[in-house]
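The next block holds one structure in the form of structure tokens; read it before the comments.
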Amino acid sequence: MKFSTRARYGMRAMLDIAANGGDKLVLLKDIAERQAISKRYLEHMMSQLKNGGLLIAERGVGGGYRLSRPANEIRLDEIFEVLEGRLMLIECLRDPSVCDRVEDCVTRELWDEMTTAMRTVLEKKTLEDLKMRLEEMQTIERQSV
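Just so it is clear: in the sequence shown, position 26 is 31 by this note's numbering, and no numbers are missing.
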């Protein structure tokens with residue numbers, strides 16, 4: 006199983022804003038540079054994140070993006086759901102009518118259990134958790150130089 010580029014880049018963009026923004030606005034071009042993500046691709050994701058209530062965008066000179074809530078109040082599952090929809094490893098978990106073997110499918114239980122485990126991890130972690138880990142990694146990197 007593999008998460009989409011949109012989910013991975015979206016997490017990185019949100020973390021970038023959490024780490025570099027604080028109360029100030031973060032410019033799209035700066036996020037694009039730091040994260041090595043095309044500005045055009047990033048614009049589309051930022052629009053989704055704004056429409057999903059996770060970001061506030063301000064236009065014009067001095068404009069940019071900031072988090073709609075403190076980083077410790079934004080769970081990673083929220084970011085994932087805005088960009089990808091509800092996490093489901095297989096389609097029949099979302100819509101049982103797509104499979105005529107739902108009632109006697111032993112492996113469906115496995116996929117459901119795996120989906121629940123992944124969802125639980127994303128629900129427990131916040132942007133603040135990622136930000137703190139980033140700061141730890143940067144401290145270690147500075148000490149090793």
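For every residue, glycine included, the Cβ atom is placed at its ideal position computed from N, Cα and C.
Close-in-space but distant-in-sequence residues of the same chain around residue i (CB under 7 angstroms, 5 per side omitted)
i    : result
T120 : L92, M93, L94, L98
R39  : D21
V126 : none
Q53  : V87, L88
Proximity of residue i and residue j at Cβ, strictly below 9 angstroms
i    : j    : result
L88  : S9   : yes
T131 : N77  : yes
I84  : A24  : no
L60  : M19  : yes
L75  : E133 : Checking the sequence shown, residue 75 turns out to be Pro, not Leu. Going by C-beta atoms, P75 is nearer than 9 angstroms to E133.
G58  : S73  : yes
For residue i, the three-state DSSP class (helix, strand or coil)
i    : result
A62  : strand
R11  : helix
V150 : coil
T80  : Correcting the residue identity first, residue 80 is Arg in this sequence and not Thr. Looking at R80 - three-state DSSP - the assignment turns out to be strand.
D134 : helix
R91  : coil
8 angstroms CB neighbourhood of residue i in its chain, flanking five on each side removed
i   : result
L30 : E63, G67, G68, G69, Y70, R71
K34 : K44
G65 : none
Residue(s) in a DSSP beta bridge with residue i
i    : result
G69  : E63
R17  : DSSP, once it has assigned bridges, lists no residue as partnering R17.
V224 : Residue 224 falls outside the range modelled here, since the chain spans only 6 to 150, and no answer is possible.
Same chain only: Cβ atoms within 6 angstroms of residue i, ignoring 5 sequence neighbours per side
i    : result
L5   : Shown here, the chain extends from 6 to 150; a query on residue 5 therefore has no answer.
V107 : C97, P101
G26  : R71
Below-9 angstroms beta-carbon distance, residue i vs any chain D residue
i   : result
I36 : The chain labelled as chain D is not found in the depicted structure, where only one protein chain is given.
**Request:** Report the residue ranges of all alpha helix (DSSP H) runs contained in full by the region 105–132; include only those spanning at least 4 residues, in chain order.
**Result:** 111–129
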